[in-house]
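Engineer:
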Amino acid sequence: MVLVLELGVCIIPLTLVLVPCRRLVRLVAELQRLRLSVARSGYLSPAAWPGLIRDLQRSWAKLIVAAITEKKTTKSIDL
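What follows is the structure, given as structure tokens:
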């Protein structure tokens, strides 16, 4: 019983550190993907910028929704 309690005391703070780190890793991966796609295409014509901006908005929206969903799920589990 004491071992389980001690493990819980160690694991809970560890998860509080790992969850934001995972979000940062996902953000960095998305930024790297964007950088590669822009670098691969070379020079972007003015007509291509609206599509790129639209893709960025979708990507950021997905990341924000995922972060909010994870935060709500984490809070409901902690309670």
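Everything in the sequence shown is counted per this note's numbering, starting at 126 for the first residue and increasing by one.
For each residue, glycine too, the CB sits at the ideal point set by N, CA and C.
1. Just the Cα atoms here: how many angstroms apart are residue 149 and residue 174?
2. Expressed to the nearest angstrom, what Euclidean distance is found between the alpha-carbon atoms of residue 162 and residue 180?
3. Mapping DSSP to helix, strand and coil, what is residue 170?
4. Keeping to the same chain, check which residues put their C-beta closer than 8 Å to that of residue 192; ignore five residues upstream and five downstream.
5. Quick one, which of 135, 130, 156, 127 has its alpha-carbon nearest residue 182's?
6. I need the straight-line Cα distance from residue 158 to residue 141, nearest angstrom please.
7. Ignore the nearest five residues each way along the sequence and tell me which others in residue 188's own chain have a CB closer than 7 Å to its CB.
8. To the nearest angstrom, how far is the alpha carbon of residue 172 from that of residue 146?
Structural biologist: Based on what the coordinates show:
1. Translated into the one-based positions of the sequence shown, residue 149 becomes position 24. Translated into the one-based positions of the sequence shown, residue 174 becomes position 49. Between the alpha carbons of residue 149 and residue 174 lies a gap of roughly 26 Å.
2. Indexing the sequence shown from 1 puts residue 162 at position 37. Indexing the sequence shown from 1 puts residue 180 at position 55. Distance between the alpha carbons of residue 162 and residue 180: 11 Å.
3. As a first step, residue 170 is located in the sequence shown; it is residue number 45 there, counting from the start. The DSSP-derived three-state label of residue 170 is coil.
4. Reading the sequence shown from its first residue, position 67 is the one you call residue 192. Excluding sequence neighbours, residue 192 sits near 148.
5. Position 57 of the sequence shown, counting from 1, holds the residue named residue 182. Of the listed residues, the one whose Cα sits closest to residue 182 is 156.
6. As a first step, residue 158 must be located in the sequence shown, where it is residue number 33. As a first step, residue 141 must be located in the sequence shown, where it is residue number 16. Between the C-alpha atoms of residue 158 and residue 141 there is a straight-line separation of about 27 Å.
7. Taking the sequence shown and counting its residues from 1, the one referred to as residue 188 is at position 63. For residue 188, where only same-chain residues beyond five positions count, the Cβ hits under 7 Å are 151, 152, 155.
8. Position 47 of the sequence shown, counted from the start, is the residue given in the question as residue 172. Position 21 of the sequence shown, counted from the start, is the residue given in the question as residue 146. Here the alpha carbons of residue 146 and residue 172 stand approximately 36 Å from one another.
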